[in-house]
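**Student:** A single structure is presented below for examination.
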Amino acid sequence: MKTEFSYLALPNRIRPSREAKVGNLFKETAKKAQRERKKAKNTTASPVYREKGVSLQTKPHTMTRKDFEIMAPVGSRESLAAAIKAGADSIYFGIENLNMRAHSASTFTIDDLKEMAQTCAAHGIKSYLTVNTIIYGEDLPLMRTIIDAAKEAGISAVIASDVAAMMYCRQIGQEVHLSTQLNISNIEALKFYAQFADVVVLARELNMTQVADIHRQIEEQRICGPGGELIRIEMFCHGALCMAISGKCYLSLDNTGRSANRGACMQICRRGYIVKDRETGTELEIDNKYIMSPKDLKTVRFIDRMMEAGVRVFKIEGRARGPEYVATVVGCYQEAIQSVLDGTFTEEKKDGWDERLARVFNRGFWDGYYQGQTLGEWTTNYGSAATEKKVYVGKAIKYFSKLGVGEFQIEAADMSVGDRLLVTGPTTGVLFMDLEEVRYDLKPVETVGKGMRVSFKVPEKIRPNDKLYKLVKSVKEA
21 MKTEFSYLAL
31 PNRIRPSREA
41 KVGNLFKETA
51 KKAQRERKKA
61 KNTTASPVYR
71 EKGVSLQTKP
81 HTMTRKDFEI
91 MAPVGSRESL
101 AAAIKAGADS
111 IYFGIENLNM
121 RAHSASTFTI
131 DDLKEMAQTC
141 AAHGIKSYLT
151 VNTIIYGEDL
161 PLMRTIIDAA
171 KEAGISAVIA
181 SDVAAMMYCR
191 QIGQEVHLST
201 QLNISNIEAL
211 KFYAQFADVV
221 VLARELNMTQ
231 VADIHRQIEE
241 QRICGPGGEL
251 IRIEMFCHGA
261 LCMAISGKCY
271 LSLDNTGRSA
281 NRGACMQICR
291 RGYIVKDRET
301 GTELEIDNKY
311 IMSPKDLKTV
321 RFIDRMMEAG
331 VRVFKIEGRA
341 RGPEYVATVV
351 GCYQEAIQSV
361 LDGTFTEEKK
371 DGWDERLARV
381 FNRGFWDGYY
391 QGQTLGEWTT
401 NYGSAATEKK
411 VYVGKAIKYF
421 SKLGVGEFQI
431 EAADMSVGDR
441 LLVTGPTTGV
451 LFMDLEEVRY
461 DLKPVETVGK
471 GMRVSFKVPE
481 KIRPNDKLYK
491 LVKSVKEA
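Sequential numbering from 21 applies to the sequence shown in this note's numbering.
And the structure:
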């Protein structure tokens, strides 16, 4: 018996138009292609897309900053404060279990949810909780407990990849966003998941032409989420990339018994390897021993193309990275998006963002697959390739508000006038400054060292126990 798929089972908002269900399929396809060619000729989109016949329905120059969202990674209270100060529109974080950074950025607990939601709401930004690992039967009670707590706390949305989490969120009325772990790569998959979520993270393996085509079809077919609005496309714009297809890596589980898909990745791919002939035992000398460790994604130089392609939420990877990383990356992408909208997106500005982004944690940069590249680029570094590294100096003791002066206890490295400094704290977030003058026993000195209690001007209020670092240029290994 032949079974015919019926679109009647789908919600009204994603059923094909009447015209698409009648007539000869091949004739309709030809007509559609002809319509697309006409649209491509009339569009004012960039030549990159016009040449491929992709019609961009909504162009960045007709939009405002409010139409785009920068989502910051938060793995600590310092990073939360840094994200808020840098101008993030939303943050995402996880708690102890059932999130993809459970073992590398597990600062928060279920008891922190209300505080996180209230802090974000007070600053006008959205809060997203990740519940995006594989969920087994025995995890279901915990999953429900976490999602119930998120809803009660006022968390803006849950980021999920397991249908069990999506179904439960829908059952209790909690907004859902879809994780990149789902690897959504086409319009049909997006249609299916539209019943659960208003925001969808597309696969990092897509190129911008494919993304633009999905965005066009969302608008043409009026594909809406549970909230009744058109599905919004979210994509990663900066940070670490997996060497495997998103959510499909088993190296860590195979080598250490700790599953990457359960938030316990041991980053086996980041290690150096020797290529060895199993028959002869001969070891092969290769140009780069980090043969499975990708460089970091960086899109700041072509963020305009992502905006044109229909990306509306720009997600930054890095919950396990420091607050100075969060502050710097959010700041650069905030400026880049505004520059595109203002018409001031220049090569000079791009060079400036490149220089700033290179200072904080990275493994080298590439464009990912977004501009059509089909093979990955591998880092030559173990750990960070940042042009600056932070060296712990001491901690804050007191802030004199009338003078704008901070008092610090030097506990480790020394520092001198002219040094570039960094202060971080749960409330302070991140402060960068140049040391113009430092005093010991109320007298100006050139250098201070371990055991000394010193004071100097700071640009903003600091708090007791804030950490003080000096930033020094990194020396590359030969």
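Every residue gets a Cβ at the ideal spot worked out from N, C-alpha and C, and that includes glycine.
Please read all numbers here as calculations on a predicted model, not as lab measurements.
With H, G and I counted as helix, E and B as strand and the rest as coil, what does DSSP make of H143?
**Tutor:** Looking at H143 - three-state DSSP - the assignment turns out to be coil, as it is neither helix nor strand.
**Student:** If you count every other CB in all the chains shown that lies within 10 Å of the CB of A177, and 16 or more means buried, which is it?
**Tutor:** A177 should be labelled buried.
**Student:** If you check the beta carbons only, do S313 and R341 fall under 8 Å apart?
**Tutor:** No. Outside cutoff.
**Student:** Do you know whose CA, among E328, Y112, G445, lies nearest R97's CA?
**Tutor:** Nearest option by C-alpha distance: G445.
**Student:** By a C-beta neighbour count over all protein chains shown, 10 Å radius and 16 as the cutoff for buried, is N275 buried or exposed?
**Tutor:** Exposed, because fewer than 16 other Cβ atoms sit within 10 Å of the Cβ of N275.
**Student:** Output needed for D182: all residues of its chain with C-beta closer than 7 Å, excluding positions within five of it in sequence on either side, in chain order.
**Tutor:** Correct list, in chain order: I154, I155.
**Student:** Take the Cβ of E299 as the centre, count every other Cβ of all protein chains shown within 10 Å, and call the residue buried at 16 or more, exposed below.
**Tutor:** Exposed: under 16 other Cβ atoms inside 10 Å.
**Student:** Taking only three categories from DSSP, how would you classify G426?
**Tutor:** In the structure shown, G426 sits in a strand (DSSP, three-state: E or B).
**Student:** So, with DSSP's three-state summary, where would you put T84?
**Tutor:** Coil.
**Student:** Nearest-angstrom Cα distance between K493 and E208?
**Tutor:** Straight-line Cα distance between these residues: approximately 49 Å.
**Student:** Going by C-alpha to C-alpha distance, which of R473, N152, A378, I145 sits closest to N203?
**Tutor:** Measuring from the Cα of N203, the nearest candidate turns out to be N152.
**Student:** Please return the same chain residues whose Cβ sits closer than 7 Å to the Cβ of N479, not counting the five positions on each side in sequence.
**Tutor:** One detail in the question is off: residue 479 reads as Pro in this sequence, not Asn. Answer for P479: L451, M453, listed in chain order.
**Student:** Counting C-beta neighbours from all protein chains within 10 Å, is the total for L442 16 or more, i.e. buried, or is it exposed?
**Tutor:** Under this definition L442 is a buried residue.
**Student:** What is the residue span of the beta strand (DSSP E) that E225 lies within?
**Tutor:** Premise fails: E225 is in no beta strand (DSSP E) and is neither H nor E.
**Student:** Would you report the Cα separation of G193 and G95, rounded to the nearest angstrom?
**Tutor:** About 26 Å.
**Student:** Specify whether the region 248-265 and the region 425-436 touch according to this definition: at least 3 beta carbon pairs, one from each stretch, less than 8 Å apart.
**Tutor:** Contact between the region 248-265 and the region 425-436 is absent, because fewer than three Cβ pairs lie under 8 Å.
**Student:** Tell me which same chain residues have a C-beta within less than 8 Å of the C-beta of P464, skipping the five on either side of it?
**Tutor:** For P464, where only same-chain residues beyond five positions count, the Cβ hits under 8 Å are E457, V458.
**Student:** Answer yes if the region 369-376 comes into contact with the region 342-356, meaning at least three C-beta pairs across the two stretches below 8 Å, and no otherwise.
**Tutor:** The answer is yes - the region 369-376 touches the region 342-356, with three or more Cβ pairs under 8 Å.
**Student:** Under 8 Å by Cβ, that's how I've got F88 and F334 pegged, so tell me the actual separation to the nearest angstrom.
**Tutor:** Indeed, because the Cβ distance is near 7 Å, the residues count as touching under 8 Å.
**Student:** List the whole-angstrom C-beta distance separating A432 from G330, where the pair is believed to meet the contact cut-off of C-beta under 8 Å.
**Tutor:** At roughly 49 Å, the Cβ-Cβ gap does not stay under 8 Å, so A432 and G330 are not in contact.
**Student:** Does the Cβ-Cβ distance between V346 and A92 come in under 8 Å?
**Tutor:** Result yes, Cβ atoms of V346 and A92 sit closer than 8 Å.
**Student:** Output yes or no for whether 8 Å exceeds the beta carbon distance between A141 and G174.
**Tutor:** Yes. Within cutoff.
**Student:** So for Y156, helix, strand or coil by DSSP?
**Tutor:** Note: Y156 maps to coil in three-state DSSP.
**Student:** With DSSP collapsed to three states, give me the class of K318.
**Tutor:** Three-state result, K318: strand.
**Student:** Which one of F113, I179, F212 has the shortest CA to CA distance from L198?
**Tutor:** Here the closest residue by C-alpha is I179.
**Student:** Could you work out which residue in R473, M472, K415 is closest to T448 when comparing CA atoms only?
**Tutor:** Ranking R473, M472, K415 by Cα distance to T448 puts K415 first.
**Student:** Taking 8 Å as the cut-off, decide whether the C-beta atoms of V360 and H258 are in contact.
**Tutor:** Taking 8 Å as the Cβ cut-off, V360 and H258 do not qualify as a contacting pair.
**Student:** Please list, in chain order, all residues of the same chain as G392 whose beta carbon is under 6 Å from its beta carbon, the five residues on each side excluded.
**Tutor:** These residues qualify, in order along the chain: N227.
**Student:** Taking the C-alpha atoms as reference points, what is the distance between P484 and L222?
**Tutor:** C-alpha separation (whole angstroms): 43 Å.
**Student:** Please report how far the alpha carbon of A214 lies from the alpha carbon of I145, in whole angstroms.
**Tutor:** Near 24 Å, if we compare the C-alpha coordinates of I145 and A214.
**Student:** Give me the Cα-Cα distance between A405 and R224, rounded to the nearest whole angstrom.
**Tutor:** Straight-line Cα distance between these residues: approximately 22 Å.
**Student:** What is the DSSP secondary structure of V94, reduced to helix, strand or coil?
**Tutor:** Residue state, collapsed to three classes: coil.
**Student:** Can you grab the Cα-Cα spacing for the pair H440 / T82, in whole Å?
**Tutor:** Per the sequence shown, the amino acid found at residue 440 is Arg instead of His. Going from the Cα of R440 to the Cα of T82 covers about 41 Å.
**Student:** Can you tell which of K490, R339, K477 has its C-alpha closest to the C-alpha of D434?
**Tutor:** The residue with the shortest Cα to Cα distance from D434 is K490.
**Student:** Helix, strand or coil for A172, going by three-state DSSP, please let me know.
**Tutor:** Reading off the sequence shown, one finds Glu at residue 172, where the question assumed Ala. Helix at E172.
**Student:** For L100 and M327, what's the separation of their Cα atoms in angstroms?
**Tutor:** Going by the C-alpha atoms only, they are around 26 Å apart.
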